[in-house]
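S.K.: Residue numbering for the sequence shown follows my numbering, beginning at 9 and increasing consecutively. From the three backbone atoms N, C-alpha and C, an ideal C-beta is built for every residue, glycine too. Quantities reported herein were computed from a predicted structural model and do not represent experimental measurements.
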Amino acid sequence: MTAHSIGVAAELGIADLIKDDVRGSEELAAESGTHEPALRRLLRTLTAVGLTTEPEPGRFALTEVGAQLRSDSPDSLRAFSRMFCHPILMNAWQGLGHAVTTGERAFDHVYGKDFYSYVADQGEANRLFNEAMGEESRIAAAQLATGYDFAHTKKVVDLGGGDGTLLAAILPLQPHLQGIVFDSPSGVAEAPEVLKNAGISDRCEARPGDFFQDIPTDGDLYIIKSVFQDWSDEDSQALLRSCRAQMPDSATLLIVGSVLPDTASMDQPIMFFTDLNMLVNTGGRERTESEFRTMLKETGFTVRSVGLGAAGPLSIIEATPMAAQ
9 MTAHSIGVAA ELGIADLIKD DVRGSEELAA ESGTHEPALR RLLRTLTAVG LTTEPEPGRF
69 ALTEVGAQLR SDSPDSLRAF SRMFCHPILM NAWQGLGHAV TTGERAFDHV YGKDFYSYVA
129 DQGEANRLFN EAMGEESRIA AAQLATGYDF AHTKKVVDLG GGDGTLLAAI LPLQPHLQGI
189 VFDSPSGVAE APEVLKNAGI SDRCEARPGD FFQDIPTDGD LYIIKSVFQD WSDEDSQALL
249 RSCRAQMPDS ATLLIVGSVL PDTASMDQPI MFFTDLNMLV NTGGRERTES EFRTMLKETG
309 FTVRSVGLGA AGPLSIIEAT PMAAQ
């Protein structure tokens, strides 16, 4: 119920209408084309879960969390919220019981094909997915852009880089860098516009391809962010072997993503929900530090460092080809 309440508010753009003001439900209903008594009930529910406040009856303002539903917020999660409440994902989650019983992807069971193939053909849903992934990247991108030492790097390759949000955050702060956003044709479809808006089109290109087959070979820093969670151990190892075979021996690999603790607790619930989401939709999973170390060693890499929480909510694993040691 909470998810649907947030999703509808995001879809209607209610946060964009409230902005920094205190707005009445009557004027919000008129501007959003909704039924005022029903909208007021929705807004009160959002107040109950911490996204809005009701300082006086029928008038509402955004909390700091609720402001993340604004499309103009620098840390906006409006598209992310819309995506997770989209019927495609909601329907897939109906197959969770099948996934837990069989270990198979629920998405394939519900739709008859894998998540990426299905979404790539869905037009607006594919654009929404790419925008949502860009939002998800923004916080980690800002942390990585300012917290990692790029002094000895000339060209960064973002493998599975989607719409280019990560390099659009890094390159403006690192004027000596060049970059390549590498992803499937549908994945990089929105990247040229993002790179143009960031003012880096002259030193960063969007290149379509299949990272299981061929990757750019002229980088000296390769970033793989929030990708391994999408894939099984076999596919993840195949990707790492592709990287090891084609990246220069002198290059560095950065894995940016969640690193699970050895035992579960209530401290960081999001990564466990993400792990379950991978079971439902992609067949991938989150991994512990020891599992990452084993996987990297078996595919020809040596871990140089592990920075837990070094990229906002995400961690950074720095690895180098064994031949470079």
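#1: Is it buried or exposed for residue 278, if we count other Cβ within 10 angstroms and need 16 for buried?
#2: Would a C-beta distance cut-off of 8 angstroms place residue 170 and residue 239 closer than the cut-off?
#3: Using a Cβ-Cβ cutoff of less than 8 angstroms, which residues in the same chain neighbour residue 75 once the five nearest sequence positions on both sides are dropped?
#4: Taking all protein chains shown into account, decide if residue 233 is buried (16 or more other Cβ within 10 angstroms of its Cβ) or exposed.
#5: How should residue 333 be labelled, buried or exposed, when 16 other C-beta atoms within 10 angstroms of its C-beta is the threshold for buried?
#6: Keeping to the same chain, check which residues put their C-beta closer than 7 angstroms to that of residue 104; ignore five residues upstream and five downstream.
#7: I need the DSSP call for residue 333, collapsed to helix, strand or coil.
#8: Taking contact to mean 3 or more Cβ pairs, one atom from each stretch, closer than 8 angstroms, check whether the region 255-266 and the region 322-331 are in contact.
#9: Per DSSP, what are the beta-bridge partners of residue 216 in this structure?
#10: To which residues does DSSP link residue 272 through a beta bridge?
#11: Around the Cβ of residue 221, are there at least 16 other Cβ atoms within 10 angstroms (buried) or fewer (exposed)?
#12: With a 10 Å radius around its C-beta and 16 neighbouring C-beta atoms as the bar for buried, classify residue 94 as buried or exposed.
#13: Got a sec? Which residues, its chain only, sit under 6 angstroms from residue 18 by beta carbon, not counting five neighbours each side?
#14: Three Cβ pairs or more, each shorter than 8 angstroms: is that satisfied between the region 109-128 and the region 42-61?
#15: Could you tell me which residues DSSP pairs with residue 262 in its beta bridges?
#16: Determine contact between the region 183-193 and the region 158-165, defined as no fewer than three beta-carbon pairs at a distance below 8 angstroms.
#17: Restricting to Cα atoms, I'd like to know which of 172, 325, 248, 193 is closest to residue 205.
#18: What residues are listed by DSSP as bridge partners for residue 70?
#19: Using the three-state DSSP reduction, which class does residue 186 fall into: helix, strand or coil?
#20: Is residue 309 helix, strand or coil when you go by DSSP?
#21: In chain order, what residues of the same chain lie with their CB nearer than 6 angstroms to the CB of residue 231, ignoring the 5 residues before and after it?
#22: Can you list, in chain order, the residues of its chain whose CB lies under 7 angstroms from that of residue 110, leaving out five sequence neighbours each side?
#23: Closest to residue 29 by C-alpha separation, out of 41, 20, 67, 51, would be which residue?
#24: Please name the residue, chosen from 219, 181, 183, that lies closest to residue 196 on a Cα-to-Cα basis.
#25: Measure the Cβ-Cβ separation of residue 265 and residue 192 and say whether it is below 8 angstroms.
#26: Assign residue 167 to one of three DSSP states: helix, strand, or coil.
#27: Look at residue 147 and residue 176 and say whether their C-beta atoms are less than 8 angstroms apart.
#28: With residue 178 and residue 149 assumed to form a contact (beta carbons below 8 angstroms), what rounded beta-carbon distance in angstroms separates them?
#29: For the alpha helix (DSSP H) containing residue 196, name the first residue and the last one.
M.R.: Checking against the coordinates, here is how it stands:
#1: Here residue 278 corresponds to residue number 270 of the sequence shown, with the count starting at 1. Exposed.
#2: Here residue 170 refers to the residue found at position 162 of the sequence shown. Here residue 239 refers to the residue found at position 231 of the sequence shown. No.
#3: Counting from one through the sequence shown, the residue named residue 75 turns up at place 67. Same-chain partners within the cutoff: 23, 81.
#4: Position 225 of the sequence shown holds residue 233. When all chains shown are included, residue 233 counts as buried.
#5: Residue numbering aside, residue 333 sits at position 325 when the sequence shown is read from its first letter. Summary for residue 333: the model assigns pLDDT 47, below 50, so the residue's position carries little reliability; its value from the coordinates is reported in the next sentence. Answer is exposed; the Cβ neighbour count stays below 16.
#6: Residue mapping note: residue 104 aligns to position 96 of the sequence shown, counting from 1. Cβ within range, chain order: 114, 288.
#7: Taking the sequence shown and counting its residues from 1, the one referred to as residue 333 is at position 325. Interpretation of residue 333 is limited by its pLDDT of 47, a score under 50 that renders its predicted location unreliable; the figure taken from the coordinates is listed afterwards. In the structure shown, residue 333 sits in coil (DSSP, three-state: anything other than H, G, I, E or B).
#8: yes
#9: One-based indexing of the sequence shown puts residue 216 at position 208. Note: residue 216 sits in a beta bridge opposite 191.
#10: In the sequence shown, the residue the question calls residue 272 occupies position 264. DSSP, once it has assigned bridges, lists no residue as partnering residue 272.
#11: Taking the first residue of the sequence shown as position 1, residue 221 is located at position 213. Classification of residue 221: exposed, given that the 10 Å Cβ count is below 16.
#12: Here residue 94 corresponds to residue number 86 of the sequence shown, with the count starting at 1. Buried, by the Cβ-count rule.
#13: Your numbering for residue 18 matches position 10 in the sequence shown. The answer, listed in chain order, is 77, 86, 89, 90.
#14: no
#15: Counted from its first residue, the sequence shown places residue 262 at position 254. Residue 262 is bridged to 231, 326.
#16: yes
#17: To locate residue 205, count along the sequence shown from 1; it is residue 197. With distances taken between Cα atoms, residue 205 lies closest to 172.
#18: Stepping through the sequence shown from its first residue, residue 70 is reached at position 62. For residue 70, which the question treats as bridged, DSSP gives the partners 60.
#19: The count along the sequence shown starts at 1 and reaches residue 186 at position 178. Residue state, collapsed to three classes: strand.
#20: Taking the first residue of the sequence shown as position 1, residue 309 is located at position 301. Residue 309 falls in the strand class under three-state DSSP.
#21: Counted from its first residue, the sequence shown places residue 231 at position 223. Contacts found: 166, 262.
#22: Residue 110 sits at position 102 when you count from the first residue of the sequence shown. Same-chain partners within the cutoff: there are none.
#23: By 1-based counting over the sequence shown, the position of residue 29 is 21. Measuring from the Cα of residue 29, the nearest candidate turns out to be 67.
#24: Against the sequence shown, residue 196 aligns to sequence position 188. Ranking the options by Cα distance to residue 196, first place goes to 219.
#25: If you number the sequence shown from 1, residue 265 lands on position 257. If you number the sequence shown from 1, residue 192 lands on position 184. No, the Cβ-Cβ distance between residue 265 and residue 192 is not below 8 angstroms.
#26: Start at 1 with the first residue of the sequence shown, and residue 167 comes out as number 159. Note: residue 167 maps to strand in three-state DSSP.
#27: Walking along the sequence shown from the start, residue 147 turns up at place 139. Walking along the sequence shown from the start, residue 176 turns up at place 168. No, Cβ-Cβ distance for residue 147 and residue 176 is not below 8 angstroms.
#28: What you label residue 178 is simply residue 170 of the sequence shown in a count that begins at 1. What you label residue 149 is simply residue 141 of the sequence shown in a count that begins at 1. Indeed, because the Cβ distance is near 7 angstroms, the residues count as touching under 8 angstroms.
#29: As a position in the sequence shown, residue 196 is number 188, starting the count at 1. No alpha helix (DSSP H) contains residue 196, which DSSP labels as neither H nor E.
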